[in-house]
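Undergrad: Got a structure for you, questions after.
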């Protein structure tokens, strides 16, 4: 049977729309020619989708290409029909300046199973309405799931028919519904839509069936340094800030209110009580850092370039000074609170986080190469990237849809390891991934020395993952983790497996680097602890086992850096290494159980916890545990006591997080037991 090559997401969307529109009329002139061209280009999914929609059924049924189309229309080619959860949504408005209103759609639920939502603090979609005379400009649009709330809120501020411009600093296929509604209400007057150049094609494709460009709307791309004039002399200044993840991204500045609109930059997924950053820095920092780690850490160099383009703006206290540059009294992101009181700190921290990732990349870099049809493989790639960054290596993310084989080879030359991801469509691997895999295999000896891993999502049997794994294994590549197979959308457990796999890959790369460094240095590289390090090693801690769960994900670790931290409320601190698998489950608000081990009865628990675990593996498989009555948390039965805790705060301390938690309940299991202590001779290791 003829092999079916399936297009990736970008091509799919354009050709799907084209196939549908041309096949609506079964007697349409040139239908057979279109089908022939689609099949020649191996764009069978378009035909399959048109067939399923019924709009071109007669044409396809009598087409000689029907067999090929049907071959590509298996379960893997259709986004799974899952029942959307009912979200708890609301809207709020706030005046941010003269004729500048924030319309924020708030969601307290977890919006999606993507790693950036792992903190489960809800989110907001922020849309900014700038008015001048009878004209109004919308800056940003909401997720399609928020469309009804948005339109209701907009009507209370200004009629949709008064909107003359829609400015989209970032556009995605899930932000079309509101745009269609506004165009429909402006149909007689027309609407100007401004977006990044990379988004221009997808935006037009999403509107082609419903509206006529040039008549109903005009779409144009933003230019760096350009000015958008509207209303009675009001304007927006534009600055392009693209990154590999958001190639269409740009920022806008309103001189009248001294507001810098940064879209994805400086965003966070948190649904605060207030629309602006009135909470303390300590409360908000974790959400900002988590969002940065999930979205920008993998492209730190490009993130730095984007930030450098915004250096001409004075934020925070500097905005009040007479120094050079445009004053930005507030930063207005797409998600999370408007940054008014912590703007200077956040900009400074962004710079520090970016530089830290660039330094890590100088030590070692791992490439994450992937393609995605429905976003599920992308979610896996992001979770793996987060694990890599946590473990202290640089990450270079490469989307096969936007890169050729030559770019894959260039990335491999720069990197010390790689992960390759692919969806399975029609039982096959998409052409861009085939080309990337071919480039890796062709690179030969150089690539074989680099640790790797494969991952992907699928709807039926996941052949693409097996193909990648077999090809690399047969060519002698070394794997840092087992193939990751995700059916449809990733769960919390699957994201944890991906993050742990990224950590494992990073650790293998770093060990390989250190081994080569030691071999080059010879005996002179032998390490001897200094007096200070030996003195630090005399500080002892109680031996404990920390266990935690989050939905279907769970983890545990042996902890010896534990201490009581407060009397009222009763609180403790636990030091957790940043590359520990359990770290991702210990965000503020998370619960955990700490089993305090007993002297003379700690050996079995230590042996269990110190075993090497595969990503996502049950830490207590084959080991007898009990559960607390209150929360169902895991307890080591031979422990002296246990406490149930809730994370109240985290402090960044170099290579560890110091987690402060309040103790909600506890129980002494053995009144006569003495707490087990961990004695060391050096402060450079556990």
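Numbering (UniProt numbering), first residue to last: 1 to 686.
Backbone N, C-alpha and C fix where the C-beta goes; we use that ideal spot for every residue, glycine too.
Here the structure is a predicted model, which is why all the values come from computation and not from measurement.
Since I believe residue 411 is in contact with residue 480 (beta carbons under 8 Å), could you give me their beta-carbon distance rounded to a whole number of angstroms?
TA: With a Cβ gap of about 17 Å, residue 480 and residue 411 do not count as contacting.
Undergrad: Pull the bridge partners of residue 657 from the DSSP assignment, please.
TA: DSSP, once it has assigned bridges, lists 576 and 652 as partnering residue 657.
Undergrad: Ends of the alpha helix (DSSP H) at residue 147?
TA: 147–157 is the span of the alpha helix (DSSP H), which, as asked, contains residue 147.
Undergrad: Below 8 Å, how does it come out for the region 417–430 and the region 363–379: are there three or more Cβ pairs, yes or no?
TA: Yes, the region 417–430 is in contact with the region 363–379.
Undergrad: Out of curiosity, what's the CA-to-CA distance linking residue 405 and residue 206?
TA: Their Cα atoms are separated by approximately 29 Å.
Undergrad: Throw me the rounded Cβ distance for the residue 194 and residue 165 pair, which I believe falls under 8 Å.
TA: Correct: roughly 7 Å between the Cβ atoms.
Undergrad: Just reading off the alpha helix (DSSP H) that residue 569 is part of, what are its end residues?
TA: Unbroken run through residue 569: none, as it is neither H nor E.
Undergrad: Provide the residue span of the alpha helix (DSSP H) that contains residue 615, from first to last.
TA: No alpha helix (DSSP H) contains residue 615, which DSSP labels as neither H nor E.
Undergrad: Classify residue 563: buried if its beta carbon has 16 or more other beta carbons within 10 angstroms, exposed otherwise.
TA: So residue 563 counts as exposed.
Undergrad: Excluding five sequence neighbours on each side, which residues of the same chain lie with their C-beta closer than 6 Å to the C-beta of residue 636?
TA: So the list reads 545, 595 and 605, once near-sequence residues are dropped.
Undergrad: What does residue 485 pair with, by DSSP beta-bridge criteria?
TA: Note: residue 485 sits in a beta bridge opposite 456.
Undergrad: Within 10 Å of its beta-carbon, does residue 450 have 16 or more other beta-carbons around it, so buried, or fewer, so exposed?
TA: Classification for residue 450: buried.
Undergrad: For the UniProt domain "Flavodoxin-like" (366–506), list the beta strand (DSSP E) runs that are entirely contained and at least 3 residues long, ordered along the chain.
TA: For the UniProt domain "Flavodoxin-like" (366–506), whole beta strand (DSSP E) runs of length 3 or above, ordered along the chain, are 394–399, 417–421, 452–458 and 484–487.
Undergrad: Entirely within the region 178–230 and at least 3 residues each: give me those beta strand (DSSP E) ranges in chain order.
TA: If we require 3 residues or more, the beta strand (DSSP E) runs fully inside the region 178–230 come out as 192–195, 218–221 and 227–230.
Undergrad: So, with DSSP's three-state summary, where would you put residue 130?
TA: Strand at residue 130.
Undergrad: Report the start-end ranges of each alpha helix (DSSP H) in the region 257–326 that is 4 residues or longer and not cut off at the edges.
TA: Qualifying alpha helix (DSSP H) stretches, in chain order: 281–295 and 300–308.
Undergrad: Nearest CA to the CA of residue 94: which residue from 311, 486 and 332?
TA: Residue 94 has its Cα closest to that of 332, out of 311, 486 and 332.
Undergrad: Rounded to a whole number of angstroms, what is the C-alpha to C-alpha distance between residue 446 and residue 414?
TA: So the two alpha carbons sit approximately 11 Å from each other.
Undergrad: Check the C-beta distance from residue 491 over to residue 552 and give it rounded, since I have them as a contact under 8 Å.
TA: Yes, residue 491 and residue 552 are in contact; Cβ-Cβ is about 6 Å, under 8 Å.
Undergrad: Taking the beta strand (DSSP E) that residue 235 falls in, what are its first and last residues?
TA: Taken as a continuous stretch (DSSP letters only), the beta strand (DSSP E) holding residue 235 covers 234–240.
Undergrad: By Cβ distance, which residues of its chain are closer than 7 Å to residue 686, with the 5 residues on each side in sequence left out?
TA: Cβ within range, chain order: 560.
Undergrad: To the nearest angstrom, how far is it from the Cα of residue 238 to the Cα of residue 442?
TA: Distance between the alpha carbons of residue 238 and residue 442 is about 43 Å.
Undergrad: Who are the near neighbours of residue 253 in its chain, counting only those whose CB is closer than 6 Å to its CB and skipping five residues on each side?
TA: Once the five neighbours on either side are set aside, the close Cβ partners of residue 253 are 237 and 260.
Undergrad: Do residue 565 and residue 573 have their C-beta atoms closer together than 8 Å?
TA: Contact: yes.
Undergrad: Take the Cβ of residue 86 as the centre, count every other Cβ of all protein chains shown within 10 Å, and call the residue buried at 16 or more, exposed below.
TA: Answer is exposed; the Cβ neighbour count stays below 16.
Undergrad: Helix, strand or coil for residue 162 per DSSP?
TA: The answer is helix: DSSP assigns residue 162 an H, G or I state.
Undergrad: According to DSSP, is residue 117 helix, strand or coil?
TA: Helix, per DSSP.
Undergrad: Does the beta-carbon distance from residue 128 to residue 154 come in below 8 Å?
TA: No, the pair does not count as a contact, with Cβ atoms beyond the cut-off.
Undergrad: Kindly confirm or deny that the region 146–161 and the region 169–183 touch, where touching means at least three C-beta pairs closer than 8 Å.
TA: The region 146–161 is in contact with the region 169–183.
Undergrad: Which stretch, first to last residue, makes up the alpha helix (DSSP H) that contains residue 608?
TA: Segment 603–609, the alpha helix (DSSP H) holding residue 608.
Undergrad: Are the region 486–506 and the region 387–399 touching by the rule of at least three beta carbon pairs closer than 8 Å?
TA: A contact exists between the region 486–506 and the region 387–399.
Undergrad: Closest to residue 680 by CA distance: which of 548, 540, 668 and 609 is it?
TA: Of 548, 540, 668 and 609, the residue nearest in Cα terms is 540.
Undergrad: How big is the Cα-Cα spacing for residue 575 and residue 657?
TA: The straight-line gap from Cα to Cα measures roughly 6 Å.
Undergrad: Look at the Cβ atom of residue 440, then the Cβ atom of residue 454, and state whether they are nearer than 8 Å.
TA: No.
Undergrad: What is the DSSP secondary structure of residue 351, counted as helix, strand or coil?
TA: Helix, per DSSP.
Undergrad: Please report the Cβ distance between residue 341 and residue 278, rounded to the nearest whole angstrom; I am assuming they are in contact, meaning their Cβ atoms lie under 8 Å.
TA: 7 Å between Cβ atoms; contact.
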